[in-house]
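Asker:
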Amino acid sequence: MMISYQLYLSIGGGQDFIENGPRQCSITDGFATPWSLSLCSMIAANREGILGIIGYLSLRLLSESMARYCIWPKVVEPQTVTNLRQWRLLFSSVALWAAHYFLTSSLGIPNSRRSTNVPFILWVLAQNTSELCLIHFAMTSGREPYLHVHAPRIFNAVNRFGLPVFFVSNILTGLVNLLVDTIHSSNKKAILILSIYLVAVCGLALLLDKIFENKRVIDKKAD
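Just so we're on the same page, the working numbering is the position in the sequence shown counted from 1, plus 72.
(1) Identify which residue in Pro191, Val230, Met211 has its Cα closest to the Cα of methionine 74.
(2) Drop a sphere of 10 angstroms on the beta-carbon of threonine 188, count the other beta-carbons inside from all chains shown, and report buried for 16 or more, exposed for fewer.
(3) Skipping 5 residues on each side, what residues in its chain have a beta carbon closer than 6 Å to that of alanine 229?
(4) Determine the closest residue to leucine 247 out of Asn231, Leu266, Ser108, Pro224, with distance taken between C-alpha atoms.
(5) When the Cα atoms are used, what is the spatial distance from histidine 208 to leucine 197?
(6) Exposed or buried, which one is arginine 185 when buried takes at least 16 other CB atoms within 10 Å?
(7) Under 8 Å: do the region 132 to 141 and the region 75 to 84 share three or more Cβ pairs, one atom per stretch?
(8) For tryptophan 41, does the three-state DSSP call read helix, strand or coil?
(9) Is it buried or exposed, threonine 152, if we count other Cβ atoms within 10 angstroms and call 16 or more buried?
(10) Could you tell me the alpha carbon to alpha carbon distance between glycine 121 and leucine 129, rounded to whole angstroms?
(11) For leucine 280, does the three-state DSSP call read helix, strand or coil?
(12) Roughly how many angstroms separate the alpha carbons of glycine 85 and arginine 119, rounded to a whole number?
(13) Applying the 10 Å Cβ sphere with the 16-neighbour rule, what's the burial state of tryptophan 195?
(14) Rank Glu203, Asn92, Ile268 by C-alpha distance to the C-alpha of valine 166 and give the top, closest one.
(15) How many angstroms separate the CA atom of tyrosine 218 from the CA atom of tryptophan 159?
(16) Helix, strand or coil: which one does DSSP assign to phenylalanine 233?
(17) Buried or exposed: leucine 264, going by 16 or more other Cβ atoms within 10 Å of its Cβ?
Set out below in structure tokens:
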């Protein structure tokens, strides 16, 4: 699916349509009825999101496969799991960065978040796998590898309340784009905005985690 989508973008004119296509269709394009013209205009106005579904679905499926391979290897011994997880994360991150470099440098296919093309998918996977590799190494180094290591609370909070955190982060992104001239902002102003943004999003996740944790304690006492 991902390869077919990239062939459409590179050979079938999909990338040019996403970046330079018109936002509205006209009667001269061959649409005789109003409903067909409206449908065409709706697709043209939202082409990034509609076509990007293919890329993000590929990203989701690949992420799940990577998690099964790297995070949940099929072994029983705890010490073996930790060592195997570290090496698989390292190997996967190197392989993903190499594949990304080949596509962008050798084949000349740039990253495109608007089309969610294969280089962008590989870049997202490579970046997150590298971060997981470093986090896993930091959390297990200096300790007995078979000991259970608790993840930081913010990790669990964001994982648990992913949907509300996602909605709020998108609303905040829209507010920033409406209220701030982001293109012409200085580096200091950009860092300040990003810092406030991260504090707000992470603070919401921790607040929800705290509220529902207290609710669970009250429910247990009531039982």
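Where a beta carbon is used, it is the ideal one built from N, C-alpha and C, also for glycine.
Answerer: Per the coordinate set shown:
(1) Ranked by Cα distance from methionine 74, the options Pro191, Val230, Met211 are led by Pro191.
(2) Result: buried.
(3) Result list for alanine 229: Ala277, Leu278, Asp281, in chain order.
(4) Nearest Cα to leucine 247 within the set Asn231, Leu266, Ser108, Pro224: Leu266.
(5) Distance between the alpha carbons of histidine 208 and leucine 197 is about 16 Å.
(6) Counting other Cβ atoms within 10 Å of its Cβ, arginine 185 stays below 16 and is therefore classed as exposed.
(7) Output reads no: the region 75 to 84 does not touch the region 132 to 141.
(8) One cannot answer for residue 41 here, as it falls past the ends of the chain, which runs 73 to 295.
(9) So threonine 152 ends up on the exposed side.
(10) Glycine 121 and leucine 129 have their C-alpha atoms roughly 12 Å apart.
(11) Correct three-state label for leucine 280: helix.
(12) The straight-line gap from Cα to Cα measures roughly 13 Å.
(13) Tryptophan 195 should be labelled buried.
(14) Looking from the CA of valine 166, the closest CA among Glu203, Asn92, Ile268 belongs to Glu203.
(15) No answer about tyrosine 218 holds up, because its pLDDT of 46 lies below 50 and its placement is not dependable.
(16) Coil at phenylalanine 233, not helix or strand.
(17) By the 10 Å Cβ count, leucine 264 comes out exposed.
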